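J.: In this text, residue positions in the sequence shown follow my numbering: the first is 1, and each later residue adds one.
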Amino acid sequence: MISENITQIQTNIKTACQKCKRTFTDVTLISVSKTKPVSMLMEAYNAGSRDFGENKVQELIEKYDIMPKDIRWHMIGHLQRNKVKYIVDKVFLIHSVDSLKLAEEISKEALKKNVCVSILIEVNISGEDSKFGIKPEDTEQFIRSISVLPGIKIKGLMTIAPYVENPEDNRQYFAQLKQLSVDINHKNIDNVSMNVLSMGMTGDYEVAIEEGATYVRIGTGIFGERQYL
Ligand SMILES: *Cc1c(COP(=O)(O)O)cnc(C)c1O
């Protein structure tokens, strides 16, 4: 089932890329495996998935220890400062940097472990109160202020779009995040690249790709509904 789901989603990603004349290999599917057992992650791994997304530090490090070592782990959930030290040398990319204090902590722990951590800035593009993330209008200044920190590399932007029935309703937000990344890229800030756009989930990833997503984060579409205990 998981393997069929991944095959179908990869086909849909290809179709979405063709539709907007993008290269298929520019879009990476992240299997969002939060709450799911390692046996299911292994099914996704055996179907070819090498990018996994988790939103809790404890769960990420447990799975990191058990799963094969060629996996790229993505921290996609809200990250507490006191937990940064457990993951800086394990994650491929932190998608959810949304405060100066958090960025400073990542920088500090990265230096301790002698690694360079790739990060994305989480932007609250829809302005929903319930969402984490930097306001679009504050994003450039925020990036300038953390770009000088050692041990971190800013690679781009991430957003969590609202939950909607019709994915077209989120197109505006994906387009706005893309435009923001283009605008910031034009500023040529040292130590900052804007090549990565993490946006799109099970319900709206095709629209996100049409608007420029380079990572889509898909949980339910691969592993089925989540049960929270
Ligand atoms: C859970 C989660 C996803 C995946 O959501 P689905 O709708 O199950 O595909 C994507 N991004 C983030 C940040 C998440 O927490």
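Backbone N, C-alpha and C define an ideal beta-carbon position, used for all residues, glycine too.
As the structure is a computational prediction, the values presented were derived from the model and not from experiment.
#1: Taking the continuous beta strand (DSSP E) assigned at G53, which residues delimit it?
#2: From K14 to M201, what distance separates their C-alpha atoms?
#3: Can you list, in chain order, the residues of its chain with a C-beta nearer than 7 angstroms to that of A110? Leave out the 5 residues immediately preceding and following it.
#4: For D231, which residues in the same chain have their Cβ closer than 7 angstroms to its Cβ, ignoring the five residues on either side in sequence?
#5: Per DSSP, which residues does T28 bridge with? Please list them.
#6: Apart from the five residues on each side of it in sequence, which residues of its chain come closer than 7 angstroms, Cβ to Cβ, to N188?
#7: Spatial neighbours of R226 within its chain, please: CB distance less than 6 angstroms, with the 5 preceding and 5 following residues excluded, ordered by chain position.
#8: Just checking M201 against ligand 1 - is the residue's beta carbon closer than 7 angstroms to any of the ligand's heavy atoms?
#9: Are the CB atoms of L102 and L79 within a distance shorter than 8 angstroms?
#10: Look up V192 in the DSSP assignment and say whether it is helix, strand or coil.
#11: Would I66 be called buried (16 or more neighbouring beta carbons within 10 Å of its own) or exposed?
#12: Determine, using beta-carbon pairs with one atom in the stretch 5-20 and one in the stretch 51-63, whether at least three such pairs fall under 8 angstroms.
#13: Considering only heavy atoms of ligand 1, does any lie closer than 7 angstroms to the CB of K19?
#14: How would you write the range of the beta strand (DSSP E) that G156 sits in, first residue to last?
#15: Please work out which residues of its chain come closer than 6 angstroms, Cβ to Cβ, to G53, disregarding the five sequence neighbours upstream and downstream, and give them in chain order.
#16: Starting from the C-beta of K83, find all residues in its chain whose C-beta is less than 6 angstroms away, skip the five residues before and the five after it, and write them out in chain order.
T.: Short version:
#1: Here residue 53 refers to the residue found at position 53 of the sequence shown. It spans D51 to E54 - the beta strand (DSSP E) in which G53 sits, taken as one unbroken run.
#2: The residue you call residue 14 lines up with position 14 of the sequence shown. The residue you call residue 201 lines up with position 201 of the sequence shown. Looking at the backbone, the Cα of K14 and that of M201 are separated by about 16 angstroms.
#3: Here residue 110 corresponds to residue number 110 of the sequence shown, with the count starting at 1. V88, C116, V117, G151 and I152.
#4: Since the first residue of the chain shown is 1 and the last is 229, residue 231 is not available in this structure.
#5: Position 28 of the sequence shown holds residue 28. As a beta-bridge residue in DSSP terms, T28 pairs with Y215.
#6: Locating residue 188 in the sequence shown gives position 188, where the first residue counts as 1. Correct list: empty, nothing qualifies.
#7: Numbered from 1 along the sequence shown, position 226 holds the residue referred to as residue 226. Excluding sequence neighbours, R226 sits near T35.
#8: Within the sequence shown, residue 201 is the residue found at index 201, counting from 1. Yes, ligand 1 has a heavy atom inside 7 angstroms of this Cβ.
#9: Within the sequence shown, numbered from 1, the residue matching residue 79 stands at position 79. Within the sequence shown, numbered from 1, the residue matching residue 102 stands at position 102. Yes; because the gap between Cβ atoms is below 8 angstroms, this pair is in contact.
#10: Reading the sequence shown from its first residue, position 192 is the one you call residue 192. Three-state DSSP puts V192 in a strand.
#11: Locating residue 66 in the sequence shown gives position 66, counting from the first residue. Looking at its Cβ environment, which holds fewer than 16 other Cβ atoms inside 10 Å, I66 is exposed.
#12: The stretch 5-20 vs the stretch 51-63: no contact.
#13: If you number the sequence shown from 1, residue 19 lands on position 19. Every heavy atom of ligand 1 is 7 angstroms or more from the Cβ of K19, so no.
#14: The sequence position of residue 156 within the sequence shown is 156, counting from 1. Note, G156: beta strand (DSSP E), I152 to M158.
#15: Locating residue 53 in the sequence shown gives position 53, counting from the first residue. I30, V32, H74, I76 and R217, listed in sequence order.
#16: By one-based count along the sequence shown, residue 83 stands at place 83. Sequence-distant partners of K83 (beyond 5 residues in either direction) whose C-beta falls short of 6 angstroms from its own C-beta, in its chain, are V57.
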